[in-house]
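Here's the structure we're looking at; comments come further down.
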C-alpha cells in the first residue's frame, strides 16, 4: 500500500455511534451470541437423549441462577435479532431507507424486544 | 473508457466474492424462523417444571418433534450463513478464513445430525 501515511478518517474510537449504527452492530453481536445459545440447545438435547439422569442434571443447571441469567440473556438476544431482522426484511422489500423511517423502525424493534422479553418471562 | 458495465466491474469485489444465493438463503431461513422461534419460546416455557417422562411425552407427539427438528435445522443453516458473513468481514488472513469457513460448515453439519438424532431418540426411543 502506498497510502500508508495519508490522514485517517475518524474511526470507531472517535465517533459516538448513532442509534442506527448501534442497532446494526448489536444485530451482529446478538447473532454470534445466539450461536452460543444454539450450542447450549444442542447440549440440552444431548442430555435429554442420554436419559433421565443427565436430563435432570441439565435441567438443574439451567434452573440455577446462572442458568436462568443465561436464558434471560438468550431471550433478549433472540428477540432483538428477530426485531432487527424484520427491519432487514423490510429494507430488502425496499421499504424504510429514509432517515425518519429508519429511526422509527429502530425504535419499534427496541420496544418489541422489551415487550416480547417481558411477555416471555412474566406471562 | 472501459466498455465493461458498472455491474460487471463491481461483481466479485466484495469480501465474500459472491453473495446473492447466500443472502437469499438468509432471507428464506429468517422468514421461517420468525414463527418457529416464537413457537420454540412458548413451548420451552410450557416445559418448565416437567420431569423426564413428561418431556418425553411432549416430544413424543409427532408435530412437536417435527417442528423442533425443523427449527433446529433452519437455525443451524441461518447461523452458518451469518457466521460465514462475519468471518468473511473480519478474518483477513486467507488461510485462517478458509479454515474457519470450512470448520463452521462441518460443525453445522455435525450439530444438524446430532440434534436431529437426539430429538428422535427422545421422541421415539425406549
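Protein chains in written order, with the working numbering: chain A, 1 to 123; chain B, 1001 to 1126.
Backbone N, C-alpha and C fix where the C-beta goes; we use that ideal spot for every residue, glycine too.
Fair warning: this is a prediction, and the values are worked out from it, not measured in the lab.
Contact list for residue i against chain A, beta-carbon separation under 8 Å
i, result
"residue 1055 of chain B", "48, 55"
"residue 1045 of chain B", "120"
"residue 1087 of chain B", "By Cβ distance, chain A contributes nothing, its closest Cβ being about 10 Å from residue 1087 of chain B, past 8 Å."
Where residue i meets chain B, residues with beta-carbon distance less than 7 Å
i, result
"residue 42 of chain A", "1111, 1114, 1115"
"residue 52 of chain A", "1052"
"residue 35 of chain A", "1079, 1083"
"residue 92 of chain A", "1027"
"residue 28 of chain A", "1086"
Three-way DSSP call (helix, strand, coil) for residue i in this model
i, result
"residue 98 of chain A", "coil"
"residue 1017 of chain B", "coil"
"residue 18 of chain A", "coil"
"residue 123 of chain A", "coil"
"residue 1049 of chain B", "coil"
"residue 1038 of chain B", "helix"
"residue 1093 of chain B", "coil"
"residue 1073 of chain B", "helix"
"residue 1082 of chain B", "helix"
Contact belief for residue i with residue j at Cβ below 8 Å, rounded distance in angstroms
i, j, result
"residue 38 of chain A", "residue 1124 of chain B", "Rounded, the Cβ-Cβ distance is 23 Å, inconsistent with contact."
"residue 1114 of chain B", "residue 42 of chain A", "6 Å"
"residue 84 of chain A", "residue 109 of chain A", "5 Å"
"residue 1033 of chain B", "residue 1078 of chain B", "6 Å"
Proximal chain A residues relative to residue i, where beta-carbon distance stays under 7 Å
i, result
"residue 1121 of chain B", "49"
"residue 1037 of chain B", "78, 82"
"residue 1100 of chain B", "Residues of chain A passing the Cβ test: none, with the nearest at roughly 13 Å."
"residue 1082 of chain B", "31"
"residue 1002 of chain B", "Under the 7 Å cutoff, chain A gives no residues; its nearest Cβ is about 23 Å from residue 1002 of chain B."
"residue 1118 of chain B", "45, 46, 48, 49"
Amino acids of chain B, ordered along the chain, whose beta-carbon sits closer than 9 Å to that of residue i
i, result
"residue 87 of chain A", "Simply none; closest approach about 11 Å."
"residue 75 of chain A", "1041"
Chain C contact residues for residue i, given Cβ-Cβ distances below 7 Å
i, result
"residue 1030 of chain B", "Looking at the structure shown, chain C is missing, and the protein chains on hand are A and B."
So, do the segment 1035–1052 of chain B and the segment 1065–1074 of chain B have three or more beta carbon pairs nearer to each other than 8 Å?
yes
Between the segment 1076–1087 of chain B and the segment 45–64 of chain A, do three or more beta carbon pairs fall short of 8 Å?
no
Do the segment 64–83 of chain A and the segment 105–115 of chain A meet, that is, are 3 or more Cβ pairs less than 8 Å apart?
yes
For the segment 101–111 of chain A against the segment 15–27 of chain A, do three or more pairs of beta-carbon atoms, one drawn from each stretch, fall closer than 8 Å, so that the two count as touching?
yes
Pair every Cβ in the segment 85–101 of chain A with every Cβ in the segment 1020–1032 of chain B, then say whether three or more of these pairs are closer than 8 Å.
yes
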